[in-house]
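Just below is one structure, and these are the notes that go with it.
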Amino acid sequence: MLFAKKKVETALNEFSQSVKPISLYADAWKRLKKNKMAFAGLIIVLLYFIISLSAPVLPLYPYERQEMRHIHLPPSFENAGTVRLRVREAYLVRLMEREGRTEYTEKERADLAEMRAELETDPVHKRVYILGTDILGRDVLSRTIHGGRISLGIGVVGTITALLIGIIWGAVAGYIGGRLDNFMMRIVDIIYGLPYMMVVIVFMALFGGRSIYLLFIAIALVSWLTISRVVRGQIISLKNSEFIEAAKSVGASTPRIIGKHLLPNTLGIIIIYSTLSFPGFIMSESFLSFLGLGVSAPMSSWGSLIDEGVRGMELYPWLLLVPAVMMTLFLFAMNFLGDGLRDAFDPQGKNRM
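With the first letter of the sequence shown counted as 1, position 234 gets the number 1640 in the numbering used here; the numbers rise by one all the way through.
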């Protein structure tokens, strides 16, 4: 039996040399990998998402569990009982220096002896708080990771909402044009004119209390406005192109033209917008939580943790530094990734890799 080899068509350049064809996205991925800062940002973002999604199965202490004997313990790799005893001894040394004495009182000796006994017998004191504890004795590492789930969830909700609503809204308005375009974009302008913070406060007042779901809805209400304008502009610039006229000549329907021909040609700018707007949604949530309009206890987010840390930053700086550093690192990574994607999807730009 004879087997025929399948011929693979290759393109030829001006020197009649075969050139392997490459798609836009494969070319963009190749350029992105050459951008070290953008690729490092991609790795950091993926690492954040993996850790956040794995939080329920990670060996972490429950983020809501309180241990009042472990309040305000500094970051350490030693067990909590040892750290607690050392902090207490350091406090008593300062107290004796201030009072001008050189020995412990009977009560102080009894307290230290009780702490040493508890260290040997109580398994709770065997815990290790790598990033310390807060005012209620809760593990800062666990609360930061679980808080990241809320903050990243806000970013995902805002981005998905922007893509689902904004792309459809902008594509329909841009392609149909005329009165429908004018009507749809005036709605966008009206929503843009609403004060964002006032919308959130009204939501809280109407439905009562603070809720993560209300926060999702409040951010979703405005997250799609900018992308709808961006997509509309791209659609308007493409809808009179030759390939669209060819699709119309063969009887392609309006949904098919939008979905199969126009939107794929705007996917690059949509991806770029998504990566650049993702940090904005997280910052919005953090700002609201900092003002007390975000998630309610015992849940936490990076914004609420920073709010708690600001109150005791002079005495317990780790309460502010840990969530602030975690959020700042993620925002930098997302911005580097967004800039890298912008350069990767712009082959004619000045920053072509």
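Backbone N, C-alpha and C define an ideal beta-carbon position, used for all residues, glycine too.
Just so it is clear, the structure is predicted and the values come from calculations on it, not from any experiment.
Answer yes or no: do F1483 and L1558 have a C-beta to C-beta separation smaller than 8 Å? Taking the C-beta atoms as reference points, L1558 is found no nearer than 8 Å to F1483.
In three-state terms, what does DSSP make of D1749? helix
Cβ-based burial, K1411 [other Cβ within 10 Å; buried from 16]: Here the model assigns K1411 a pLDDT of 41, short of 50, so the residue's position is not dependable and the matter cannot be decided.
Does E1380 pass the burial test, meaning 16 or more other C-beta atoms within 10 Å, or should it be called exposed? There is no way to answer for residue 1380, as the model of the chain reaches only from 1407 to 1759.
Go ahead and pull the three-state DSSP assignment for V1701. coil
The segment 1618-1636 / the segment 1560-1577 touching (three or more Cβ pairs under 8 Å): Because the criterion of three Cβ pairs below 8 Å is met, the segment 1618-1636 and the segment 1560-1577 touch.
Please classify N1485: does DSSP put it in a helix, a strand, or coil? strand
Every unbroken alpha helix (DSSP H) within the segment 1523-1591, with a cutoff of 4 residues, ordered by chain: 1546-1567 and 1573-1582
Should P1685 be labelled buried (16 or more other beta-carbon atoms within 10 Å of its own) or exposed? buried
Would you check if the distance between the CB atom of L1479 and the CB atom of V1463 is smaller than 8 Å? no
Going by the CB atoms, is the gap between A1730 and G1847 shorter than 8 Å? Nothing in the structure corresponds to residue 1847, since the chain is present only between 1407 and 1759.
Work out the CA separation of P1723 and I1650 for me, nearest whole Å. 60 Å
Can A1434 and L1743 be called in contact, C-beta distance under 8 Å? Contact: no.
One question on the structure: do V1605 and R1635 come within less than 8 Å of each other, judged by their Cβ atoms? no
Residues near G1538 by beta carbon distance below 6 Å, same chain, minus five either side: L1479, P1480, P1481, V1546 and W1724
Helix, strand or coil for R1475, going by three-state DSSP, please let me know. helix
Using DSSP with H/G/I as helix, E/B as strand and the rest coil, what is E1648? helix
Segment limits, alpha helix (DSSP H) that includes K1666: Per DSSP, K1666 belongs to no alpha helix (DSSP H) and is neither H nor E.
From F1589 to F1609, what distance separates their C-alpha atoms? The alpha-carbon atoms of F1589 and F1609 are separated by roughly 26 Å.
Are the beta-carbon atoms belonging to K1654 and L1668 less than 8 Å from one another? Against a cut-off of 8 Å, the Cβ pair of L1668 and K1654 comes out as no contact.
Delimiting residues of the alpha helix (DSSP H) encompassing G1674: L1673 to F1696
What separation, rounded to the nearest whole angstrom, lies between the Cα atoms of D1528 and T1508? 31 Å
With a cut-off of 8 Å on the beta carbons, I'd call I1678 and R1748 a contact; round off their distance for me. 5 Å
Our contact map puts A1486 next to V1534 with C-beta atoms below 8 Å; I'd like the distance itself, whole angstroms only. 7 Å
Residue from P1661, L1726, Y1602 and E1470 with nearest C-alpha to L1542: E1470
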